[in-house]
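**Student:** Here the UniProt record's numbering is used: the first residue of the sequence shown is 1, the next is one more, and so on. From the three backbone atoms N, C-alpha and C, an ideal C-beta is built for every residue, glycine too. Bear in mind the structure is a predicted one, so any value in this text is a computation, not a measurement.
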Amino acid sequence: MSYKNLLETNRKVGKVKIGDFALESGQVITDAELAYEITGNTKGPVLLLCHALTGNQHAYGSEEEPGWWRGLIGPEGYIDTNLYQVITFNVLGGCSGSTGPAKVNPETGKPYHKTFPFVTVRDMVRAQRQALDVLTVPRLFAVLGGSLGGMQAMEWAVQYPYFMEKVFIFAATPFLSDYGVGFNRMAIHAIVNDPVYRSGRRAEGERLVGLEIARMAGLLTYRQPKLFNERFQREVRETDIEGKPYFQVDSYLNYQGEKLTKRFDVDSYLTLLYAMNAYDIGDKLGGWKRAASQIQAEVHAFGYEGDLLYPPEVIEGFVKHTRYGTFYSIETDFGHDGFLVEFEKWGPYVKNALDQERRLQYGTY
1 MSYKNLLETN RKVGKVKIGD FALESGQVIT DAELAYEITG NTKGPVLLLC
51 HALTGNQHAY GSEEEPGWWR GLIGPEGYID TNLYQVITFN VLGGCSGSTG
101 PAKVNPETGK PYHKTFPFVT VRDMVRAQRQ ALDVLTVPRL FAVLGGSLGG
151 MQAMEWAVQY PYFMEKVFIF AATPFLSDYG VGFNRMAIHA IVNDPVYRSG
201 RRAEGERLVG LEIARMAGLL TYRQPKLFNE RFQREVRETD IEGKPYFQVD
251 SYLNYQGEKL TKRFDVDSYL TLLYAMNAYD IGDKLGGWKR AASQIQAEVH
301 AFGYEGDLLY PPEVIEGFVK HTRYGTFYSI ETDFGHDGFL VEFEKWGPYV
351 KNALDQERRL QYGTY
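Written out as structure tokens, the structure is:
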């Protein structure tokens, strides 16, 4: 049997019930469940991958629909599925099968929508921990994640310091900066003031312009200005009767905004934005520096050149406060989105760090 067929045979998707789940806020979600994907060597060390804002549990995916980290995961890949078992959950509050705003509230018999409670990154991680118990996973070898997924990976290392050997954090800081919160506020403002969203009666096929605008604003922070300028070069797609130009970059942003509204639940988007804004690993733990110093796992943190949301220098500063940390500075024109592309630039560092013996000192690459 080929590696490809072996991997497809071993890939499993499903849902795991974790019962009534108490949130940090004190509210309880009835009959919570998390959707998951498991792939790789069923007898190998277990890696947990955590997804970003609009991601899902399909990190590897299928041959028909490759996952968002397919360039990193696979037989003899940077994350070698011949060696490791890989698990990914859709976060609590997500919209790819886990309990979230689009799901039916068992208490009312109707979808939660706007009534879904506030969920923190810490809640997401605790839910995943319970799900692993149900799946009879006694311990993790490593936790990996980028952006919102990196926040989850960081929280894993803080909340369960002895549950994993290593943690990999890509394009994430111990808290979201005011700059990042500000961009998220623009997105939230656009959504909650959308007339269709406010009405609560969206007809099938009706546009959610607020979510489209939110996506456009996000895309402008995910990549460096240089990349936009080189790609579009002020190319005009068309002009109207008065001569007003409609640029190629206009078309790109409009397309991406509308595309997201067709695949992602608007209330999940808001739920996850609020979780990102609120995140601070030092919350109730004496500050982020103290929390970082208590991490027992080996930390591998990656900063991507030009990342506007999670500056590399802040990531490096976080690493310096960990006991066993290494910082990797990645040159890229993609900025924040660097953790989703150009795997050949940083994937080898991941592979080497997974394969090598545990390091006990701080370093920089």
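Given a threshold of 16 other Cβ atoms within 10 Å of its Cβ, counted over all protein chains shown, does I315 qualify as buried or as exposed?
**Tutor:** Looking at its Cβ environment, which holds 16 or more other Cβ atoms inside 10 Å, I315 is buried.
**Student:** May I have a chain-ordered list of the beta strand (DSSP E) segments no shorter than 3 residues that lie completely inside the segment 8 to 51?
**Tutor:** Entirely contained in the segment 8 to 51, the beta strand (DSSP E) runs reaching 3 residues are, in chain order, 12 to 22, 28 to 40 and 46 to 50.
**Student:** Let me know the beta strand (DSSP E) ranges lying completely inside the segment 188 to 222, each 3 residues or longer, listed in chain order.
**Tutor:** Runs of the beta strand (DSSP E) inside the segment 188 to 222: none found.
**Student:** Return the first residue and the last residue of the beta strand (DSSP E) that residue 366 is part of.
**Tutor:** The question about residue 366 has no answer, for the chain in this structure spans 1 to 365.
**Student:** Do you know offhand how far E305's Cα is from G146's?
**Tutor:** If you take the alpha carbons of E305 and G146, they lie about 15 Å apart.
**Student:** Could you tell me the alpha carbon to alpha carbon distance between I79 and V86, rounded to whole angstroms?
**Tutor:** So the alpha carbons of these two residues sit roughly 9 Å apart.
**Student:** Could you have a look at P225 and say whether DSSP puts it in helix, strand or coil?
**Tutor:** Looking at P225 - three-state DSSP - the assignment turns out to be helix.
**Student:** Buried or exposed: where does V236 fall if 16 or more other Cβ atoms within 10 Å of its Cβ makes it buried?
**Tutor:** With fewer than 16 Cβ atoms within 10 Å of its Cβ, V236 is classed as exposed.
**Student:** Distance, Cα to Cα, A142 vs T88?
**Tutor:** Distance between the alpha carbons of A142 and T88: 12 Å.
**Student:** Mind checking who I330 pairs with in its DSSP beta bridge?
**Tutor:** Answer is Y304, bridged to I330.
**Student:** Since residue 453 contacts T42 with CB under 8 Å, what's their CB separation in whole angstroms?
**Tutor:** With the chain running from 1 to 365 in the structure shown, residue 453 is simply not present.
**Student:** Since A59 contacts L49 with CB under 8 Å, what's their CB separation in whole angstroms?
**Tutor:** At roughly 5 Å, the Cβ-Cβ gap stays under 8 Å, so A59 and L49 are in contact.
**Student:** Check each candidate in E76, I29 and V16 and name the one with the smallest Cα separation from G347.
**Tutor:** The candidate whose alpha carbon is nearest that of G347 is E76.
**Student:** Beta carbon of Q159, beta carbon of R201: below 9 Å?
**Tutor:** No.
**Student:** Would you kindly work out how many angstroms separate the C-alpha atoms of D280 and W288, rounded to a whole number?
**Tutor:** Straight-line Cα distance between these residues: approximately 7 Å.
**Student:** To the nearest angstrom, how far is the alpha carbon of E238 from that of Y252?
**Tutor:** The alpha-carbon atoms of E238 and Y252 are separated by roughly 13 Å.
**Student:** For a test of the three-state rule: what should DSSP assign to L280, helix, strand or coil?
**Tutor:** Before going further, note that residue 280 is Asp rather than Leu in the sequence given. Of the three classes helix, strand and coil, the one that applies to D280 here is strand, per DSSP.
**Student:** If you run the structure through DSSP and keep just helix, strand and coil, what is Q152?
**Tutor:** Correct three-state label for Q152: helix.
**Student:** In the DSSP assignment, what residue or residues form a beta bridge with T239?
**Tutor:** Its beta-bridge partners are P245.
**Student:** Please confirm if the segment 224 to 233 is in contact with the segment 177 to 190, defined as three or more CB-CB distances below 8 Å between the two stretches.
**Tutor:** No contact exists between the segment 224 to 233 and the segment 177 to 190.
**Student:** When burial is assigned at 16 or more other CB atoms within 10 Å of the CB, is A275 buried or exposed?
**Tutor:** Buried, by the Cβ-count rule.
**Student:** Mind checking whether S300 and V167 have CB atoms under 9 Å apart?
**Tutor:** For the sequence presented, residue 300 should be read as His rather than Ser. Yes, Cβ-Cβ distance for H300 and V167 is below 9 Å.
**Student:** Going by DSSP, what residues sit across from D80 in a beta bridge?
**Tutor:** According to DSSP, which records beta bridges pairwise, D80 is partnered with G74.
**Student:** I315 lies in the alpha helix (DSSP H); which residues open and close that run?
**Tutor:** P312 to K320 is the extent of the alpha helix (DSSP H) around I315.
**Student:** DSSP has residue 369 in a bridge; who is on the other side?
**Tutor:** Limits of the chain in this structure are 1 at one end and 365 at the other, which puts residue 369 out of reach.
**Student:** Does F116 come out as helix, strand or coil in the three-state DSSP assignment?
**Tutor:** Coil, per DSSP.
**Student:** Would you please state the rounded distance, in angstroms, between the beta carbons of L53 and F343? I believe it to be under 8 Å.
**Tutor:** Not a contact, Cβ separation roughly 20 Å.
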